[in-house]
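**Student:** Numbering (our numbering), first residue to last: 1 to 543.
Ideal placement from N, C-alpha and C gives every residue a C-beta, glycine not left out.
None of the values given here were measured: they were computed from a predicted structure.
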Amino acid sequence: MIKSLLKKTAFAAMLATTALVPAAFAVSGTPSKGGDIIVTYKDDIATLDPAVGYDWQNWSMINAMFSRLVDYKPGTTELGPALADSYDVSPDGKTYTFKIHPGVKFSNGREVTAADVKYSIERAVNPKTQGPGAGFFHSIVGADTMTAGKSQTMDGIVVVDDHTVRFNLVQPDATFLNVLALNFASVVPKEAVDAAKGDFGKHPVGSGAFLLKEWTVGQRLVFVRNPNYFVKERPYVDSYTVEVGQEPLVALLRLQKGEVDIAGDGIPPAKYLQMRKSPDFKGMIVDRQQLETSYVTLNTQIKPLDNPKVRQALNMAIDKNRIVRIINGRATPASQVLPPMMPGYDKSYSGYAFDPTKAKELLAEAGLKDGFTTTIYTSNTDPQPRITQAIQQDFAAIGVKAEIKALANPNVIAAGGTAGQAPMVWSGGLGWIADFPDPSDFYGPILACGSAVQGGWNWSWFCNKAFEARAQAADAMPVPAQAEARYATWAKIFTDIQENDAPWIPVFNERRVLAKSKRMGGSDEVYLDPTRVIDYEAIYVNK
Numbered sequence: 001m002i003k004s005l006l007k008k009t010a011f012a013a014m015l016a017t018t019a020l021v022p023a024a025f026a027v028s029g030t031p032s033k034g035g036d037i038i039v040t041y042k043d044d045i046a047t048l049d050p051a052v053g054y055d056w057q058n059w060s061m062i063n064a065m066f067s068r069l070v071d072y073k074p075g076t077t078e079l080g081p082a083l084a085d086s087y088d089v090s091p092d093g094k095t096y097t098f099k100i101h102p103g104v105k106f107s108n109g110r111e112v113t114a115a116d117v118k119y120s121i122e123r124a125v126n127p128k129t130q131g132p133g134a135g136f137f138h139s140i141v142g143a144d145t146m147t148a149g150k151s152q153t154m155d156g157i158v159v160v161d162d163h164t165v166r167f168n169l170v171q172p173d174a175t176f177l178n179v180l181a182l183n184f185a186s187v188v189p190k191e192a193v194d195a196a197k198g199d200f201g202k203h204p205v206g207s208g209a210f211l212l213k214e215w216t217v218g219q220r221l222v223f224v225r226n227p228n229y230f231v232k233e234r235p236y237v238d239s240y241t242v243e244v245g246q247e248p249l250v251a252l253l254r255l256q257k258g259e260v261d262i263a264g265d266g267i268p269p270a271k272y273l274q275m276r277k278s279p280d281f282k283g284m285i286v287d288r289q290q291l292e293t294s295y296v297t298l299n300t301q302i303k304p305l306d307n308p309k310v311r312q313a314l315n316m317a318i319d320k321n322r323i324v325r326i327i328n329g330r331a332t333p334a335s336q337v338l339p340p341m342m343p344g345y346d347k348s349y350s351g352y353a354f355d356p357t358k359a360k361e362l363l364a365e366a367g368l369k370d371g372f373t374t375t376i377y378t379s380n381t382d383p384q385p386r387i388t389q390a391i392q393q394d395f396a397a398i399g400v401k402a403e404i405k406a407l408a409n410p411n412v413i414a415a416g417g418t419a420g421q422a423p424m425v426w427s428g429g430l431g432w433i434a435d436f437p438d439p440s441d442f443y444g445p446i447l448a449c450g451s452a453v454q455g456g457w458n459w460s461w462f463c464n465k466a467f468e469a470r471a472q473a474a475d476a477m478p479v480p481a482q483a484e485a486r487y488a489t490w491a492k493i494f495t496d497i498q499e500n501d502a503p504w505i506p507v508f509n510e511r512r513v514l515a516k517s518k519r520m521g522g523s524d525e526v527y528l529d530p531t532r533v534i535d536y537e538a539i540y541v542n543k
């Protein structure tokens, strides 16, 4: 995948004579068309706007409604064609030119053009949008002036003609194709955004596999097949309905009765072992490792968390092994921001040892011998409140009294992305899952200065200019020629951040477990897709 970045590459060659025929994206088994399925979640979602939505729950739905220049093959981290038929990269790796597949239409009937690509990415970067994805596009010429509010357009995105768009970068970027496959790069029509008058997230218009037919807030969302989807053999199901307000245990009972097809919140730890041992659930459990880290964010802008010694003390206070036991061992304790399977993970770095005595000493050195009072936000879906209570108990042992605020996921996200509101957030079910398999994805959107903004996901509000320069230099290193050196550079960045600044408490790396009904077809990978979470375009009903 990354080899193609610094040489001329054509998707047509990758797909031989099949062009955009979706056979190149085949899933296991023999997919059949038709059927309506039901998916459940406890919480409603906040938005379906691809420039704004950024949690594991709405990510799949947004992905299925919109198209991007490139995309991932289902169940993999391998890039393939989407809106673009082909692309060229200049020898210096700083200019990308894409040819857009002709005849692709938005659901409002208008053809998708290169001007729509330019508008959509500029909209994602514009601070007025208050979206969390701007930092991903930092390498495009003009991104910095737009994020600073000094420009409404980006000179680095050039509309050559209706079906050709060119990107000029300030430096080579080993992740640029991955960035163009993110939901934030989804193409939207300006007229529909304008007509929605600030509420495009409730009235989305895209060119993807599904259309939003109904959204009854607090009850359900209904998505139906897009009859004009340009990948003619997709999607397989006719519709999927997302029912919200459903407790996970109730959802599993309904799934067992055949009333639900996917229990979206996964399997609560209290039910997991029973289901594993029961023959009644054979073939219904999907269990996969993932590029994920669950953590506590420590707001570096709020006293006394602005003191690195305090943050280091809190890192030493948590008994991570005890917390892993709460979820029946479905995770491994984390020592650092990067998960173990991610390139750049430093196996030699052990992080902060569980040491309440040393933690108390550090608090005393920071002038907090008697501790302090704070607040920790968490999702209200089991087991997150129970995990947060364990963290609360560990903090209390060193004199830190933490009030727990357990809220619906959208409210936790809003609190984390609002300056000065959340001293701490237990990420739990909102833990960071890689957007793409590169270490930069665990820096740019969650630790970089550009993501410490209103609506962003840098909930530690951490910004260190020295690390910004090191991160940009790492992404400019040519791949594959310097891949090993690049990953080593990233490894050092993350261990230095944790050792010196400790804006996070990495707690564990969790396996993702989901339950699906026996009538659902497709490989496990499309139900726990590494880039889509659930790939609604690729799942199907057995007939």
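Is phenylalanine 395 helix, strand or coil by DSSP?
**Tutor:** In the sequence shown, residue 395 corresponds to position 395, counting from 1. In this structure, phenylalanine 395 counts as helix in the three-state DSSP scheme.
**Student:** Look at the Cβ atom of tyrosine 229, then the Cβ atom of proline 31, and state whether they are nearer than 8 Å.
**Tutor:** Walking along the sequence shown from the start, residue 229 turns up at place 229. Walking along the sequence shown from the start, residue 31 turns up at place 31. Not closer than 8 Å, so no.
**Student:** Throw me the rounded Cβ distance for the tyrosine 527 and lysine 516 pair, which I believe falls under 8 Å.
**Tutor:** Here the question's residue 527 lines up with position 527 in the sequence shown. Here the question's residue 516 lines up with position 516 in the sequence shown. Contact holds; Cβ gap of about 6 Å.
**Student:** May I have the straight-line CA-CA distance separating proline 383 from proline 304, to the nearest angstrom?
**Tutor:** Here residue 383 is taken as the residue at index 383 of the sequence shown, counted from 1. Here residue 304 is taken as the residue at index 304 of the sequence shown, counted from 1. Computed Cα separation, rounded: 28 Å.
**Student:** Quick one: which unbroken alpha helix (DSSP H) runs of 4-plus residues sit fully inside the stretch 132–163? Chain order, please.
**Tutor:** Listed in chain order, they are 143–147.
**Student:** Give the list of continuous alpha helix (DSSP H) stretches no shorter than 4 residues that lie fully inside the stretch 480–515.
**Tutor:** Qualifying alpha helix (DSSP H) stretches, in chain order: 483–496.
**Student:** Is the number of C-beta pairs between the stretch 508–522 and the stretch 463–478 that are closer than 8 Å three or more?
**Tutor:** Counting Cβ pairs under 8 Å, fewer than three are found: no touch.
**Student:** Would you be able to state if there are at least three C-beta pairs under 8 Å between the stretch 93–100 and the stretch 423–439?
**Tutor:** Result no; under three Cβ-Cβ pairs closer than 8 Å.
**Student:** For the beta strand (DSSP E) that contains tyrosine 295, what are its first and last residues?
**Tutor:** Your numbering for residue 295 matches position 295 in the sequence shown. Its beta strand (DSSP E) spans residues 292–298.
**Student:** Taking Cβ positions, are arginine 512 and arginine 288 nearer each other than 8 Å?
**Tutor:** Locating residue 512 in the sequence shown gives position 512, where the first residue counts as 1. Locating residue 288 in the sequence shown gives position 288, where the first residue counts as 1. Yes, the Cβ-Cβ distance between arginine 512 and arginine 288 is below 8 Å.
**Student:** Is methionine 65 helix, strand or coil when you go by DSSP?
**Tutor:** Position 65 of the sequence shown holds residue 65. Note: methionine 65 maps to helix in three-state DSSP.
**Student:** With 16 other CB atoms within 10 Å as the buried threshold, where does proline 227 fall?
**Tutor:** What you label residue 227 is simply residue 227 of the sequence shown in a count that begins at 1. So proline 227 counts as exposed.
**Student:** Would you call methionine 341 buried or exposed, if buried means 16 or more other Cβ atoms sit within 10 Å of its Cβ?
**Tutor:** Start at 1 with the first residue of the sequence shown, and residue 341 comes out as number 341. Methionine 341 is exposed by the Cβ-count criterion.
**Student:** Select from Val260, Gly258, Asp261 and Leu253 the residue whose C-alpha is nearest the C-alpha of proline 268.
**Tutor:** As a first step, residue 268 is located in the sequence shown; it is residue number 268 there, counting from the start. Residue Leu253 is the option with its Cα nearest to proline 268.
**Student:** Suppose the cutoff is 6 Å on Cβ atoms and the five residues either side in sequence are ignored; what does the same chain contact list for aspartate 563 look like?
**Tutor:** The structure shown does not extend to residue 563, since the chain spans only 1 to 543, so no value can be given for it.
**Student:** Quick one: does glycine 283 have its CB under 8 Å from some CB of chain C?
**Tutor:** Of the protein chains in the structure, only one exists, and it is not chain C.
**Student:** Around the C-beta of arginine 123, are 16 or more other C-beta atoms found within 10 angstroms, so that it is buried, or is it exposed?
**Tutor:** Residue numbering aside, residue 123 sits at position 123 when the sequence shown is read from its first letter. The residue in question, arginine 123, is buried, as its Cβ has 16 or more Cβ neighbours within 10 Å.
**Student:** Would you mind stating whether phenylalanine 436 and glycine 208 have Cβ atoms separated by less than 8 Å?
**Tutor:** Here residue 436 corresponds to residue number 436 of the sequence shown, with the count starting at 1. Here residue 208 corresponds to residue number 208 of the sequence shown, with the count starting at 1. The answer is no: Cβ separation not under 8 Å.
**Student:** Is the beta carbon of glycine 206 closer than 8 Å to that of phenylalanine 354?
**Tutor:** For the purposes of this step, residue 354 is taken as the residue at position 354 of the sequence shown. For the purposes of this step, residue 206 is taken as the residue at position 206 of the sequence shown. Cβ distance not < 8 Å, so phenylalanine 354 and glycine 206 don't count as in contact.
**Student:** To the nearest whole angstrom, what separates the beta carbons of glutamine 454 and glutamine 130, a pair I think is in contact under 8 Å?
**Tutor:** Taking the sequence shown and counting its residues from 1, the one referred to as residue 454 is at position 454. Taking the sequence shown and counting its residues from 1, the one referred to as residue 130 is at position 130. With 8 Å as the limit, glutamine 454 and glutamine 130 qualify as a contact, their Cβ atoms being about 6 Å apart.
**Student:** Who are the Cβ neighbours of aspartate 36 in its own chain at under 8 Å, not counting the five residues just before and after it?
**Tutor:** Within the sequence shown, residue 36 is the residue found at index 36, counting from 1. Closer than 8 Å at the Cβ level, and outside the excluded window around aspartate 36, lie Val237, Asp238, Ser239, Tyr240 and Thr241.
**Student:** Using three-state DSSP, classify tryptophan 457 as helix, strand or coil.
**Tutor:** The count along the sequence shown starts at 1 and reaches residue 457 at position 457. Here tryptophan 457 sits in coil by DSSP.
**Student:** Given that a residue counts as buried once 16 or more other Cβ atoms are within 10 Å of its Cβ, and exposed if not, what is asparagine 509?
**Tutor:** Position 509 of the sequence shown, counted from the start, is the residue given in the question as residue 509. With 16 or more Cβ atoms within 10 Å of its Cβ, asparagine 509 is classed as buried.
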